[in-house]
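Q:
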Amino acid sequence: MSSEVKTFIQSTTLAENKSLFEKAKPHAELIAALLSGVLIAAGWILDKNELAAASITTYIIAFIIGGFAKAKEGIEETITNKELNVEMLMIFAAIGSCIIGYWTEGAILIFIFAVSGAMETYTMNKSHKEISALMELQPEQALRINDGYEEKIHVSELEIGDFILVKPGERIPSDGKIAKGHTTIDEAAITGESIPVSKEKEDAVFAGTVNLNGSITIEITKPNSETLFQKIIQLVQSAQSEKSPSQLFIEKFEGTYVKVILTIVVLMMFLPHYLLGWSWMETFYRAMILLVVASPCALVASIMPATLSAISNGARHGILFKGGVHLENLSHLKAIAFDKTGTLTKGKPEVTDIIAADGVSGEEVLLVAASIESHSTHPLANAIVHYAKKTLDKAFIPPERMEDVPGWGVKATIVEDEWKIGKASFVGLDAAENFSNGALEKMANQGKTVVFVQKNDEIAALIALQDVVREETKKAIDQLKNQGIYTIMLTGDSQKTGKAIANEAHLDDFIAECLPENKVEHLKKLKETHSNVAMVGDGINDAPALATANVGIAMGEGSDVALETADVVLMKNDLPRISDAIELSRRMNRIIKQNVVFSITVIMFLIASNFLQFVDLPFGVIAHEGSTILVILNSLRLLKS
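Per this note's numbering: the sequence shown = residues -11 to 629.
#1: From the DSSP output, which residues share a beta bridge with Phe397?
#2: Note down, in chain order, each residue of its chain lying with its Cβ closer than 7 Å to the Cβ of Ser(-1), except the 5 sequence neighbours on either side.
#3: In whole angstroms, what is the alpha-carbon distance linking Asn199 and Leu308?
#4: Tell me which residue opens and which closes the beta strand (DSSP E) that Ile145 is part of.
#5: Three or more C-beta pairs closer than 8 Å, one from the stretch 562 to 573 and one from the stretch 316 to 327: is that the case here?
#6: My parser needs the beta strand (DSSP E) runs of 3 or more residues fully inside the stretch 260 to 331; what are they?
#7: Have a look at Asp562 and Val393 and give me their C-alpha separation to the nearest angstrom.
#8: Along the chain, where does the beta strand (DSSP E) that runs through Glu207 open and close?
#9: Taking Cβ to Cβ, would you say Phe46 is nearer than 8 Å to Gly25?
#10: Where do the ends of the beta strand (DSSP E) carrying Asn134 lie?
#11: Would you report the Cα separation of Asp135 and Ile204, rounded to the nearest angstrom?
#12: DSSP three-state call for Lys628: helix, strand or coil?
#13: Counting beta carbon pairs with one atom in the stretch 259 to 276 and one in the stretch 86 to 93, are three or more of them shorter than 8 Å?
#14: Tell me where the beta strand (DSSP E) around Ser186 begins and ends.
#15: Tell me which residues share the same chain as Thr485 and place their Cβ nearer than 6 Å to its Cβ, disregarding the 5 neighbours each side in the sequence.
#16: Among the residues of its own chain, which have a CB less than 6 Å from the CB of Glu75, if the five just before and after it don't count?
#17: If Ile166 and Ile206 are in contact, beta carbons under 8 Å, what's the gap, nearest whole angstrom?
#18: Classify His366: buried if its beta carbon has 16 or more other beta carbons within 10 angstroms, exposed otherwise.
#19: Drop a sphere of 10 angstroms on the beta-carbon of Gly472, count the other beta-carbons inside from all chains shown, and report buried for 16 or more, exposed for fewer.
#20: Does the stretch 281 to 289 come close enough to the stretch 474 to 488 that 3 or more CB-CB pairs lie under 8 Å?
#21: In the structure shown, what three-state DSSP assignment does Ile166 receive?
#22: Within 10 Å of its beta-carbon, does Lys155 have 16 or more other beta-carbons around it, so buried, or fewer, so exposed?
#23: What do you get for Leu621, buried or exposed, if any count of 16 or more other CB atoms within 10 angstroms of its CB means buried?
#24: Alpha helix (DSSP H) containing Tyr90: first to last residue?
#25: Roughly how many angstroms lie between the CA atoms of Lys507 and Thr329, to the nearest whole one?
#26: Taking Gln442 as part of the beta strand (DSSP E), name the residues at either end of that continuous run.
#27: From the DSSP output, in three-state form, read off Phe258 for me.
#28: Compare the C-alpha of Ile44 against each of Leu131, Gly94, Val246 and Leu23 and name the closest.
#29: When the Cβ atoms of the stretch 345 to 364 are set against those of the stretch 377 to 387, are three or more pairs found closer than 8 Å?
#30: Let me know the secondary structure DSSP gives Leu368 once reduced to three states.
#31: Once you ignore the five residues that flank Glu492 on each side, which residues in its own chain have a CB closer than 7 Å to its CB?
#32: I think Ala448 touches Ile343, with their Cβ atoms under 8 Å apart; what is that distance to the nearest whole Å?
#33: Apply the 10 Å Cβ neighbour rule to Thr68 and answer buried if 16 or more other Cβ atoms are within range, or exposed otherwise.
#34: Answer yes or no: do Ala554 and Ala542 have a C-beta to C-beta separation smaller than 8 Å?
#35: Can you grab the Cα-Cα spacing for the pair Gly544 / Lys430, in whole Å?
#36: Is the number of C-beta pairs between the stretch 408 to 424 and the stretch 438 to 452 that are closer than 8 Å three or more?
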């Protein structure tokens, strides 16, 4: 065999071994625990065959393999925090069992403790799975176009203003806007929405999403480190590291509890012998059982796995929590305040009604109005043009002369006819108020903005526009009200508009003509009345209110400031997800309560049974560690939708 072939075989073998090692690494604790279990079974068989030395040696190896990870963790934390912990209690209990000759029980204790530790690690890994999957979705390279030439570069080298080419089937490497081309994009990685979205020139696109058809040129609008994709990763990572109030309490409680238990165990090694007449062997044996059964393993594992599972579940459904504390607080909400524009409504005016004068064609008026307004950048003008393009299959008529009248409207001449488009006072207030049996007042009461179209000094039509309520808003508000939550809208709009939107959205109440600084004052009053209040918003002006609320909830398409300030982010702008998040929080708190009550009940029962000499060490070990495993399994239920 040639040296080249040998080298190739060796390198291939090394690569395969490395690959196997990488695959096995996340399951190292579980593999060690199972190997420990096999060795315990072997030690028990050797003991039954009266091979005591071989049996003890096998048990010691089982101790080292199964208990190494937890012992290392316990010792390191004890040194760092200068405080004893649950892991140290287990080490002491296992060593104590061996001292009195209960090798099998001590080994079983280590084995089950190792299995519960492996399950906790599994929960942690599971909660990081969505983040790891997201990280793998972002391409590392981009095809930059520079003076007509294409060059492959690392995404970190992209700068604002660069142009990149993304071909069909490729993932978009960074946030930007389409400079050339049109396509359909799968945004499921960002929004959770499975239906692809059509994108045209000037539309925003996000890193990690998939270009399904059509080559597009994208202009980079954000540095790679500040993309929406990176923000999602940072938000969930920070959420997983931030502990809830319940978890912090348990951790503080753990240190004190361990000291108390160790003190009681030391006393129990002597007092029952003198006070109750127990033998020294029985006294020490019962002290070791107490050390095992009184350890708060299940209690300590009651919260963190549940919190991580819930955060992971939320991330999978487009709800990002910035910490366990915010997830826990959601279940205590009594009221939610909503911003209007871009939150309850779409944030853009849309044409809702066109009322033409008798003998006038509504289509003709719309065509003329859109032809004139196509030369304006005003949001209402854009809405009229968009509506005309959507409903009419006709080319616009270029105006012969145009004059913009600031604050009033626009004048134009088309085919010798003089046209005016603007507010009521621009075309004559009396005529506007009397047009079509007082349609102006009726539309105003519905919260709509009215634009009049006048032809040669006669009103030809009125066009009503409104920032329409999102389709999902009513469903979201109804769900919240069914959960017993008071809903209120804070808006800068007039009383009429506020009332119309509040009624349409099924809100309990509204506060109109509300400036950004007033929102904070109103939220403080709501907190006095309802204790726990959330604020939902999307704009820069909502940031102070989001920070003031007990829980700030931002819409995913909102401003960067709102996203940074909020405690919860709805990536898909899907308001019904608020109800889902509250239900998830309530489920999590229910499961945590179940875990805490169950673990305390088991500990108290086992302690009482030990004092009454009803429980032996093997049963104590199985019942105590079994309760820890059951608590973790109960927490893992939160991973399911």
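Don't be surprised by glycine CBs; every beta carbon is placed ideally from N, CA and C.
A: Inspection of the coordinates gives the following:
#1: For the record, residue 397 in the displayed sequence is Gly; it is not Phe. The partner list for Gly397 (beta bridge, DSSP) reads Val393 and Gly410.
#2: Because Ser(-1) sits at a pLDDT of 48, beneath the cut-off of 50, its placement in the model cannot be relied upon, and the following sentence gives the value as read from the coordinates. Within the same chain, Ser(-1) has no close Cβ partners at all.
#3: Between the alpha carbons of Asn199 and Leu308 lies a distance of about 25 Å.
#4: First, the residue type needs correcting, since residue 145 is Glu and not Ile in the sequence shown. Element bounds for Glu145: n/a, residue is neither H nor E.
#5: With contact defined as three or more Cβ pairs closer than 8 Å, the stretch 562 to 573 and the stretch 316 to 327 are in contact.
#6: As far as the stretch 260 to 331 is concerned, its whole beta strand (DSSP E) runs of at least 3 residues are 307 to 309 and 323 to 327.
#7: A direct Cα-to-Cα measurement between Asp562 and Val393 gives close to 40 Å.
#8: The continuous beta strand (DSSP E) containing Glu207 extends over residues Ile204 to Ile208.
#9: A small correction: the amino acid at residue 46 is Thr; Phe does not occupy that position in the sequence shown. 8 Å or more divides the Cβ of Thr46 from the Cβ of Gly25.
#10: Unbroken beta strand (DSSP E) run through Asn134: Gln129 to Asn134.
#11: Each residue's Cα considered, the two are about 17 Å apart.
#12: Three-state DSSP puts Lys628 in coil, outside helix and strand.
#13: With a cut-off of 8 Å, the stretch 259 to 276 and the stretch 86 to 93 count as touching, because enough Cβ pairs lie within range.
#14: Looking at the DSSP string, the run of the beta strand (DSSP E) that includes Ser186 is Val185 to Lys187.
#15: Within the same chain, Thr485 has close Cβ partners Gly435.
#16: Its chain contains Lys58, Glu61 and Gly62 as the residues whose beta carbon lies nearer than 6 Å to that of Glu75, once the 5 sequence neighbours on both sides are disregarded; these appear in chain order.
#17: Between Ile166 and Ile206, the beta carbon gap of about 6 Å places them in contact (Cβ cut-off 8 Å).
#18: Answer is exposed; the Cβ neighbour count stays below 16.
#19: When all chains shown are included, Gly472 counts as exposed.
#20: Flag = no, the stretch 474 to 488 and the stretch 281 to 289 do not touch.
#21: The answer is strand: DSSP assigns Ile166 an E or B state.
#22: So Lys155 ends up on the exposed side.
#23: Exposed is the call here.
#24: If you look at Tyr90, you'll find it isn't in any alpha helix (DSSP H); DSSP assigns it neither H nor E.
#25: Just so you know, the alpha carbons of Lys507 and Thr329 end up roughly 14 Å apart.
#26: Note, Gln442: beta strand (DSSP E), Thr437 to Lys443.
#27: Residue state, collapsed to three classes: coil.
#28: Checked all of Leu131, Gly94, Val246 and Leu23; the closest Cα to Ile44 is Gly94.
#29: Yes: at least three Cβ pairs fall under 8 Å.
#30: Correct three-state label for Leu368: helix.
#31: Excluding positions up to five away in sequence, the list reads Val457.
#32: Under the criterion of beta carbons closer than 8 Å, Ala448 and Ile343 do not qualify as touching, at roughly 10 Å.
#33: For Thr68, the number of other beta carbons within 10 angstroms of its own is below 16, and it is reported as exposed.
#34: It is a contact, given that the beta carbons lie within the stated cut-off.
#35: Annotation: Gly544 to Lys430 spans about 35 Å, alpha carbon to alpha carbon.
#36: By the Cβ rule, the stretch 408 to 424 counts as touching the stretch 438 to 452, because three or more pairs are nearer than 8 Å.
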